[in-house]
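So the structure is just underneath, and the comments pick up after that.
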DNA sequence: CAGGATAAACTACACCGGGTAGTTTCTGAG
DNA sequence: CTCAGAAACTACCCGGTGTAGTTTATCCTG
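Protein chains in written order, with our numbering: chain U, 1 to 214; chain Z, 215 to 428.
Structure follows, in structure tokens:
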């Protein structure tokens, strides 16, 4: 019967979610088996079902958790690069590179995002919305807030910070994301840096103040 | 044993590839069953295996075919909007809207692309490369050629046509593609038009000649 | 040109080995 | 006495094959 809630020993639960993240990220939802997840967690299948009602519940749970964690990671990268900007072009490019690496690294950080994108047609609308809200939408909002500050300091000319954040993301990130199929295919580091650089160039042609646009 | 080649009655073969495109697009590779494909084609399962060695061969075959067809569709849209440009902003936006609709329509045109993106980790590298070459890469090249012509006419200031084509695609298309998860989630028509409009605005701020940039 | 033989292709259906989600039962440990 | 481990069990579904009989196209013969 097992509630979806916090039944059972917390450390087992942690091991299960960790294992599920790994296996779902590696195999995708359909291919991943509950046996494999239990084995990866070093736990019996009985224990898995003691913590999570069924496969779908487990998947959606780790998906949401992963989304929030990744958003937190990106938020930290933003703080690192955009809180104390001295060289705008350099800092924007630095954030772009770090974010691309964080999301598209072979590790399971972004791998689960691939699984969600693959399974999106079979995810309930409200859960999908929650995932978006905890992940991409939140990051976009964070970035927009940073751009607003930078505009206030006269470093950017931004009328619609949300739009600027989206276009920055498109120009510096989505090209790599698409090329690497969201991390499934490796992309060389220098390629990531090159794309970040030309993306920031383009971004600054749109939003840079004259002092920085050249 | 059935070769992958041209064995069997051509019309049956056509029915099978058509059905496979539909079912793979709707269900994804793993969920789609050969029984379902045979049923959809109105053909016995044995006939399917008479034409295609196995499930993977069938999938990769229709994937490649679909990629080429979609490229041809987009090529036609480019010709329609960009061969005789009179109002650059309007024509660039018109192409963006039409392409987004063509690729992201609920119909199976782009649905198979979702299946490939979902399965990309399990696709042989050479087949993936062929798919890219017949699809996205080809479209990018076509678009770059058009931009070069427009630059020659003094309508755009373009040093690297390939880069301009990629950035145009990012700014006017990838935002919608991501938002709709490549067609899995519907996007309102006016939203597509809005994104195309602001995307073209940004693009022209980067590449427009002074006469058209305002 | 008619028509029947021939070979290739297709259908229907049963079948196999294997794998899956989820449940249950029994056992042992804290 | 409660919870978790181990493993077997149920009730499927899937990819792929084998077979026996039927359709379809082709072509040769009269």
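Virtual Cβ for every residue (Gly too), placed ideally from N, Cα, C.
Once DSSP output is grouped into helix, strand and coil, what is the label at residue 422 of chain Z? For the purposes of this step, residue 422 of chain Z is identified with residue 208 of the second chain, where counting begins at 1. Note: residue 422 of chain Z maps to strand in three-state DSSP.
Is it a yes or a no for the stretch 340-350 of chain Z touching the stretch 32-47 of chain U, going by three-plus beta-carbon pairs under 8 Å? no
Tell me whether the beta-carbon of residue 112 of chain U lies closer than 8 Å to the beta-carbon of residue 62 of chain U. Translated into positions along the first chain, residue 112 of chain U becomes position 112. Translated into positions along the first chain, residue 62 of chain U becomes position 62. Taking 8 Å as the Cβ cut-off, residue 112 of chain U and residue 62 of chain U qualify as a contacting pair.
Shorter than 8 Å from the beta carbon of residue 18 of chain U to some beta carbon of chain Z? Within the first chain, the letter at position 18 stands for residue 18 of chain U. Taking Cβ atoms only, chain Z never reaches closer than 8 Å to residue 18 of chain U, which makes this a no.
Hey, which unbroken runs of the beta strand (DSSP E) at 3 residues or more fall wholly within the stretch 340-414 of chain Z? When DSSP assignments are scanned along the stretch 340-414 of chain Z, no uninterrupted stretch of beta strand (DSSP E) that is 3 or more residues long falls wholly within it.
Which value, in whole angstroms, describes the spacing of the CA atoms of residue 93 of chain U and residue 385 of chain Z? Stepping through the first chain from its first residue, residue 93 of chain U is reached at position 93. Stepping through the second chain from its first residue, residue 385 of chain Z is reached at position 171. Approximately 18 Å between the Cα atoms of the pair.
Work out the CA separation of residue 240 of chain Z and residue 207 of chain Z for me, nearest whole Å. Nothing about residue 207 of chain Z can be read from this structure; chain Z reaches only from 215 to 428.
Could you check the C-alpha separation between residue 229 of chain Z and residue 323 of chain Z for me, to the nearest Å? The count along the second chain starts at 1 and reaches residue 229 of chain Z at position 15. The count along the second chain starts at 1 and reaches residue 323 of chain Z at position 109. Their Cα atoms are separated by approximately 16 Å.
Using a beta-carbon distance below 8 Å, is residue 264 of chain U in contact with chain Z? Given that chain U is displayed from residue 1 to residue 214, the structure contains no residue 264 of chain U and the question cannot be resolved.
Where residue 131 of chain U and residue 273 of chain Z are concerned, what is the direct C-alpha to C-alpha distance, given to the nearest angstrom? Within the first chain, numbered from 1, the residue matching residue 131 of chain U stands at position 131. Within the second chain, numbered from 1, the residue matching residue 273 of chain Z stands at position 59. Approximately 30 Å between the Cα atoms of the pair.
CA-to-CA distance, residue 207 of chain U to residue 147 of chain U, given in whole angstroms: In the first chain, counting from the first residue as 1, residue 147 of chain U sits at position 147. In the first chain, counting from the first residue as 1, residue 207 of chain U sits at position 207. Going by the C-alpha atoms only, they are around 10 Å apart.
Distance, residue 98 of chain U Cα to residue 90 of chain U Cα: Position 90 of the first chain holds residue 90 of chain U. Position 98 of the first chain holds residue 98 of chain U. CA-CA distance, residue 90 of chain U to residue 98 of chain U, rounds to 12 Å.
Which word fits residue 366 of chain Z, buried or exposed, when buried means at least 16 other C-beta atoms lie within 10 angstroms of its C-beta? The sequence position of residue 366 of chain Z within the second chain is 152, counting from 1. Taking all protein chains shown into account, residue 366 of chain Z has fewer than 16 neighbouring C-beta atoms within 10 Å of its C-beta and is therefore exposed.
For residue 337 of chain Z, name the three-state secondary structure that DSSP assigns. Within the second chain, residue 337 of chain Z is the residue found at index 123, counting from 1. Here residue 337 of chain Z sits in coil by DSSP.
Can you check whether the C-beta of residue 392 of chain Z is within less than 8 Å of a C-beta belonging to chain U? Here residue 392 of chain Z corresponds to residue number 178 of the second chain, with the count starting at 1. With 8 Å as the cut-off, residue 392 of chain Z counts as an interface residue toward chain U.
Run of the alpha helix (DSSP H) containing residue 312 of chain Z, from where it starts to where it stops: Taking the second chain and counting its residues from 1, the one referred to as residue 312 of chain Z is at position 98. Element bounds for residue 312 of chain Z: 302-318.
Given a limit of 7 Å on CB to CB distance, which residues of the stretch 406-420 of chain Z reach chain U? 412, 416, 419 and 420
Is it the case that the Cβ atoms of residue 331 of chain Z and residue 396 of chain Z are separated by a distance below 8 Å? Position 117 of the second chain, counted from the first residue, corresponds to residue 331 of chain Z. Position 182 of the second chain, counted from the first residue, corresponds to residue 396 of chain Z. Yes; because the gap between Cβ atoms is below 8 Å, this pair is in contact.
Residue 355 of chain Z to residue 163 of chain U span [Cα, whole Å]: Translated into positions along the second chain, residue 355 of chain Z becomes position 141. Translated into positions along the first chain, residue 163 of chain U becomes position 163. Their backbone Cα atoms lie some 28 Å apart in a straight line.
CA-CA distance, residue 32 of chain U and residue 415 of chain Z? Mapped onto the first chain, residue 32 of chain U falls at position 32. Mapped onto the second chain, residue 415 of chain Z falls at position 201. Taking the straight line from one Cα to the other gives about 44 Å.
Rounded separation between residue 23 of chain U and residue 119 of chain U - CA only: Walking along the first chain from the start, residue 23 of chain U turns up at place 23. Walking along the first chain from the start, residue 119 of chain U turns up at place 119. The alpha-carbon atoms of residue 23 of chain U and residue 119 of chain U are separated by roughly 15 Å.
Give, in chain order, every residue of the stretch 132-143 of chain U whose Cβ lies closer than 7 Å to some Cβ of chain Z. none
Output the distance between the C-alpha atoms of residue 320 of chain Z and residue 310 of chain Z, rounded to the nearest integer angstrom. Position 106 of the second chain holds residue 320 of chain Z. Position 96 of the second chain holds residue 310 of chain Z. One C-alpha to the other measures close to 17 Å.
Do you know how far the Cα of residue 55 of chain U is from the Cα of residue 209 of chain U? Along the first chain, read from residue 1 onward, the residue named residue 209 of chain U stands at position 209. Along the first chain, read from residue 1 onward, the residue named residue 55 of chain U stands at position 55. One C-alpha to the other measures close to 51 Å.
Going by the beta-carbon positions, is the gap between residue 364 of chain Z and residue 299 of chain Z smaller than 8 Å? Position 150 of the second chain, counted from the start, is the residue given in the question as residue 364 of chain Z. Position 85 of the second chain, counted from the start, is the residue given in the question as residue 299 of chain Z. Contact: yes.
Would you check whether the ligand COA has a heavy atom nearer than 7 Å to the C-beta of residue 106 of chain U? Within the structure as shown, the ligand COA is missing, as the structure has no ligands at all.
Endpoints, the alpha helix (DSSP H) within which residue 49 of chain U is located: For the purposes of this step, residue 49 of chain U is identified with residue 49 of the first chain, where counting begins at 1. Taken as a continuous stretch (DSSP letters only), the alpha helix (DSSP H) holding residue 49 of chain U covers 45-51.
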